[in-house]
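See below for the structure under consideration.
There are 2 protein chains.
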Amino acid sequence: MARQLYELCGQDPARVFSPYCWRARMALLHKGLDFASVPWRFTETERLAFAQHDKVPVLVDGDQVIPDSWAIARHLDAAYPATPSLLHGRPEAYAFVIGWNDTVLAAGISRLIVSDIPKLLDPPQRDYFETTRTRRFGMPLEQVTAGREERLPAFRATLQPLRAALAGQPFLGGAAPDYADFVVFGSFMWARSTSPLRLLEPEDAIWAWRERMLDHAGGAARQAPCFGA
Amino acid sequence: MARQLYELCGQDPARVFSPYCWRARMALLHKGLDFASVPWRFTETERLAFAQHDKVPVLVDGDQVIPDSWAIARHLDAAYPATPSLLHGRPEAYAFVIGWNDTVLAAGISRLIVSDIPKLLDPPQRDYFETTRTRRFGMPLEQVTAGREERLPAFRATLQPLRAALAGQPFLGGAAPDYADFVVFGSFMWARSTSPLRLLEPEDAIWAWRERMLDHAGGAARQAPCFGA
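Each protein sequence line maps, in turn, to chains X and L.
Counting from 1, position 59 in the first sequence corresponds to residue 59 in our numbering; the numbering is continuous, with no gaps.
Counting from 1, position 50 in the second sequence corresponds to residue 50 in our numbering; the numbering is continuous, with no gaps.
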């Protein structure tokens, strides 16, 4: 197989849940580029030694090895210029939406779902995840997500910029999705893959956008194992 | 004069303070296009009848009349393709930063400074402003901004997406500013023109970005009447 994407998964190798891996996966799907998913788990750093990297996603594209979702996006646009664009020749124009995703959306989702993730992992990965994340948050993960149902309205209020942007166009990228959509969608797929918590309400314009994203590229994301909402 | 920009001002015609007018003004300055500023005040709707519009900015460009800051930006890119670009041929890519600006940044600034604005206005404009804004907020304007010094840390925390984006590049547009910068800068110029409240701290990366913006296009924005910080 010419193209392989190393992706983070849980016990079930089909349950890929890293938001960064979802950015890379959607980028490949958007461009119609075939790839084999290579399941990878948190503690398997030695399996990435060939990439001189310790995290996924890592893309193997023929004889090229590209670690890091952002480098993968730029590589794919450069290597396959005839396919639908991700960055439209202006990667710098995506810094703001990535900044918002990382500091607001992903940070907010994390505080709602992080305690669900260990349940999907094998014991060694579970230990790794609980230890590193408990240290990061400075408290047990169950405490991080405590009262989450009551905190959902406040979380949903932080999504106003998305609603405002999507009021005038179907995707952040315009008439078709682009890397801005894949970054934000990656965060929602992270939640969808790991948690039964319903982040969005069906009448939310962001729900409708997410439905369009689930349908994109032949409905590939919709096929992924998830908790249904 | 071939080009005129109708802009909102206070008693002092040089104190232009509308964030939307600042978007248009920075767009013209960025492109090096001369224009005469035409002072306009809230209640002077009949003076905009020629534009079939009731708000500023309105740009008169030769025999073309363009109301609305967004239409002005698209017009300027289309009419002057040899000048530095605002939207890089992809206006849809700016929807998200505009959405964030309008729902987070401008909304947050408004709750910190709105009670300062009447002091800059002549009595008829002052009455108009206080009546319409009191209705919008559902309370007296002094009450909207009450406790603002104590609320500054929370406001500054909402600016994390900007800091994240500017960590890797000097402007939202990349190596040079573009319309994303002018939208966000317009909100900061609105505050700077109308309020003595210091929104940013000098050690904030956003302060440094704002300094670069004040220097842009020959330091034009720095010359505008303001409260100093």
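Yeah, the Cβ is synthetic: ideal placement off N, Cα and C, and Gly gets one too.
Going by DSSP, residue 66(X) is part of the beta strand (DSSP E) stretching over 64–67.
Under the Cβ criterion (8 Å, minimum of three pairs), the segment 194–207 of chain L counts as touching the segment 156–168 of chain L. Classified as exposed, residue 54(X) has fewer than 16 neighbouring CB atoms from the shown chains inside 10 Å of its CB. Taking the beta carbon of residue 161(L) as reference, the chain X residues within 7 Å of it are 96, 99, 100, 103, 104, listed in sequence order.
For the alpha helix (DSSP H) assignment, the uninterrupted runs of no fewer than 4 residues enclosed by the segment 16–61 of chain L are, from N- to C-terminal side, 19–30. Under the three-state reduction of DSSP, residue 96(L) is assigned to helix.
Between residue 103(X) and residue 32(X), the C-beta gap is not smaller than 8 Å, which leaves the two residues out of contact. Here residue 136(X) is exposed: its Cβ has fewer than 16 other Cβ atoms, across all protein chains shown, within 10 Å.
Contact of residue 88(L) with chain X is assigned, a C-beta pair being separated by under 8 Å. Taking a contact to require three or more Cβ pairs closer than 8 Å, the segment 136–152 of chain L and the segment 67–78 of chain X do not qualify as touching.
Here the segment 172–189 of chain X does not lie against the segment 120–133 of chain X, with fewer than 3 beta-carbon pairs under 8 Å apart. What residue 168(L) touches in chain X, judged by beta-carbon distance under 7 Å, is 95, going in chain order. Residue 7(X) has its alpha-carbon roughly 12 Å from the corresponding atom of residue 47(X).
Under the DSSP definition of a beta bridge, residue 9(L) partners with 16(L). With fewer than 16 other CB atoms across the displayed protein chains lying within 10 angstroms of its CB, residue 196(L) is exposed. Identification of chain X residues near residue 73(L) by a Cβ-Cβ cut-off of 9 Å yields none; the smallest Cβ-Cβ distance measures about 14 Å.
Under the three-state reduction of DSSP, residue 4(X) is assigned to strand. Around the beta-carbon of residue 222(L), fewer than 16 other beta-carbon atoms lie within 10 Å, marking it exposed. In this structure, the straight-line span from the alpha carbon of residue 117(L) to that of residue 149(L) is close to 17 Å. Comparing C-alpha distances from residue 227(X) to each of 216(X), 145(X), 42(X), 193(X) shows the shortest one belongs to 193(X).
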